[in-house]
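This report refers to the structure that appears directly beneath it.
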Amino acid sequence: MDTNLEVNASQMTDPARELAELCQSLSNSADERGDVYLARHFKVDPWSEEFYRILFCILGRINEVQSLVSVIDADDDLKNECVGHLNGIKAAFNQNALAANWKPPGGPHHLRRENSQPIKMLSPQFRAIAPTPKVDEKEQRALLEQTDELLSWLQNHQLREQDFIRQSIIYGLLQFKFSIEKLRWVGWGYSLKSLRDVIAAYLVLERGHIPDQEDTTYDAMLKLTMKYIKATYERLKIAREITETGDFLLKAYGAWTLISHAPGISGIIGR
Numbered sequence: 054m055d056t057n058l059e060v061n062a063s064q065m066t067d068p069a070r071e072l073a074e075l076c077q078s079l080s081n082s083a084d085e086r087g088d089v090y091l092a093r094h095f096k097v098d099p100w101s102e103e104f105y106r107i108l109f110c111i112l113g114r115i116n117e118v119q120s121l122v123s124v125i126d127a128d129d130d131l132k133n134e135c136v137g138h139l140n141g142i143k144a145a146f147n148q149n150a151l152a153a154n155w156k157p158p159g160g161p162h163h164l165r166r167e168n169s170q171p172i173k174m175l176s177p178q179f180r181a182i183a184p185t186p187k188v189d190e191k192e193q194r195a196l197l198e199q200t201d202e203l204l205s206w207l208q209n210h211q212l213r214e215q216d217f218i219r220q221s222i223i224y225g226l227l228q229f230k231f232s233i234e235k236l237r238w239v240g241w242g243y244s245l246k247s248l249r250d251v252i253a254a255y256l257v258l259e260r261g262h263i264p265d266q267e268d269t270t271y272d273a274m275l276k277l278t279m280k281y282i283k284a285t286y287e288r289l290k291i292a293r294e295i296t297e298t299g300d301f302l303l304k305a306y307g308a309w310t311l312i313s314h315a316p317g318i319s320g321i322i323g324r
């Protein structure tokens, strides 16, 4: 794995700005149904599994930004207006908008600057509480390459015991890869949750499994997964210091747990 590429620490973004940029990229009118337009844009089949997952990612992002509105340092009237604009954006992805031609007053109308620009203008407020690494295409390719490398190894090796944990790691990696490939979102919400799930599965594997002395697959899986997580952290500049101890993983998992309001892992830690 090439881990030498670095993300410029000053190149940060945030959930609100990424959402506004997505709206801009989808705001052109087209003489085709909304579902066909979105499927073509994201290079998937309409109403396929991948199509539903993309809608899930987008709607999840809108809900995440809306939840952050309540904690930004802004007047209540501005917050209420922001929520109204977010509800307007959400309307672009409902059944009516996707079944109609992608023209005003349909999908593009809901994604117009009147809705997305106010969200983007509040970007500094969101960035203060939810800073997100911004990576360019070269760095995204590197992330995908290192993800594919670990996926390939995992898919070709099985554990004799607790193989469901290997499957959990594979699932988390696939979700992480999907959000990078289709939405280019690597630092918040759906994508971070996926990587957090990889860490959680690793912790269960490390702390909950006692391998046979000859179980070299188990040992190799631990080493490769740890190497991947650390390389990804370094590439995204999420952690300032990378250590060789399990504390790194606990801190990594804990940080994302706080972000996503997910339950803790006291049961795993207590082993």
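Under the working numbering, the sequence shown has 119 at position 66, and the numbering climbs by one with no breaks.
All C-beta atoms in this analysis are idealised placements derived from N, C-alpha and C, irrespective of residue type, glycine included.
Quick caveat: nothing in here was measured; it's all calculated off a predicted structure.
Report the three-state DSSP secondary structure of R237 (helix, strand or coil). By 1-based counting over the sequence shown, the position of residue 237 is 184. Coil, per DSSP.
Whole runs of the beta strand (DSSP E) within the stretch 171–210, excluding any shorter than 3 residues: none
According to DSSP, is N154 helix, strand or coil? Along the sequence shown, one-based indexing puts residue 154 at 101. N154 falls in the strand class under three-state DSSP.
To the nearest angstrom, how far is the alpha carbon of I172 from that of R180? Counting from 1 along the sequence shown, the entry for residue 172 is found at position 119. Counting from 1 along the sequence shown, the entry for residue 180 is found at position 127. Answer to the nearest angstrom: the Cα atoms are 12 Å apart.
Rounded Cβ spacing between A150 and H138 (contact assumed at less than 8 Å): The residue given as residue 150 occupies position 97 in the sequence shown. The residue given as residue 138 occupies position 85 in the sequence shown. In fact, because the Cβ distance is near 16 Å, the residues do not count as touching under 8 Å.
State the Cα-Cα distance for the pair A195 and A83, rounded to the nearest angstrom. As a first step, residue 195 must be located in the sequence shown, where it is residue number 142. As a first step, residue 83 must be located in the sequence shown, where it is residue number 30. For A195 and A83, the distance between alpha carbons rounds to 33 Å.
Using CA coordinates, which residue listed in Q170, T200, A183 and R106 is at the minimum distance from K283? As a first step, residue 283 must be located in the sequence shown, where it is residue number 230. Of the candidates Q170, T200, A183 and R106, the one whose C-alpha sits nearest the C-alpha of K283 is T200.
So the alpha helix (DSSP H) F109 belongs to, where does it begin and stop? On the sequence shown, position 56 is the one that residue 109 refers to. Its alpha helix (DSSP H) spans residues E102 to V122.
My output table needs one value for R166: the three-state DSSP class, helix, strand or coil. Here residue 166 refers to the residue found at position 113 when the sequence shown is read from its first residue. It is helical.
Own chain partners of V118 with C-beta closer than 8 Å, once the 5 adjacent residues on each side are dropped: One-based indexing of the sequence shown puts residue 118 at position 65. Here the set comprises P68, A69, L72, L139, I172 and F179.
Using a 10 Å radius around the Cβ and a threshold of 16 neighbouring Cβ atoms, would you call K191 buried or exposed? Sequence index remark: in the sequence shown, residue 191 carries index 138 (1-based). Burial call: exposed.
By Cβ distance, which residues of its chain are closer than 8 Å to K230, with the 5 residues on each side in sequence left out? Indexing the sequence shown from 1 puts residue 230 at position 177. Result list for K230: L197, T200, D201 and L204, in chain order.
In whole angstroms, what is the alpha-carbon distance linking A144 and N154? In the sequence shown, counting from the first residue as 1, residue 144 sits at position 91. In the sequence shown, counting from the first residue as 1, residue 154 sits at position 101. Roughly 14 Å between the two C-alpha positions.
Just the Cα atoms here: how many angstroms apart are V136 and N147? One-based indexing of the sequence shown puts residue 136 at position 83. One-based indexing of the sequence shown puts residue 147 at position 94. Answer to the nearest angstrom: the Cα atoms are 17 Å apart.
Given a threshold of 16 other Cβ atoms within 10 Å of its Cβ, counted over all protein chains shown, does T269 qualify as buried or as exposed? The sequence position of residue 269 within the sequence shown is 216, counting from 1. T269 is exposed by the Cβ-count criterion.
Which partner residues of T66 appear in the DSSP bridge assignment? Working through the sequence shown from its first residue, we reach residue 66 at position 13. Partner(s): T185.
Of all the options Q193, S176, N168 and M274, which has the alpha carbon lying nearest to the alpha carbon of W206? Here residue 206 refers to the residue found at position 153 of the sequence shown. Residue M274 is the option with its Cα nearest to W206.
Close Cβ partners of T208 (< 7 Å) along its chain, the five nearest in sequence each way excluded: Here residue 208 refers to the residue found at position 155 of the sequence shown. In the sequence under discussion, the amino acid at residue 208 is Gln, which differs from the Thr named in the question. Correct list, in chain order: I223.
Rounded to the nearest angstrom, what separates V251 and K276 at their Cα positions? Position 198 of the sequence shown holds residue 251. Position 223 of the sequence shown holds residue 276. Computed Cα separation, rounded: 13 Å.
State the Cα-Cα distance for the pair Y286 and K187, rounded to the nearest angstrom. Position 233 of the sequence shown, counted from the first residue, corresponds to residue 286. Position 134 of the sequence shown, counted from the first residue, corresponds to residue 187. If I take the Cα positions, the gap works out to 13 Å.
Straight-line CA distance for D272 to I233? Within the sequence shown, the letter at position 219 stands for residue 272. Within the sequence shown, the letter at position 180 stands for residue 233. So the two alpha carbons sit approximately 29 Å from each other.
Can you tell me whether DSSP reads R86 as helix, strand or coil? Taking the sequence shown and counting its residues from 1, one reaches residue 86 at position 33. Reduced to three states, the DSSP call for R86 is strand.
Please name the residue, chosen from P184, I142, I107 and S176, that lies closest to G160 on a Cα-to-Cα basis. Along the sequence shown, read from residue 1 onward, the residue named residue 160 stands at position 107. Comparing Cα positions, the closest option is I142.
Ends of the alpha helix (DSSP H) at L139? As a position in the sequence shown, residue 139 is number 86, starting the count at 1. Counting along the chain, the alpha helix (DSSP H) containing L139 begins and ends at D129 to K143.
Using the three-state DSSP reduction, which class does R93 fall into: helix, strand or coil? In the sequence shown, the residue the question calls residue 93 occupies position 40. Correct three-state label for R93: helix.
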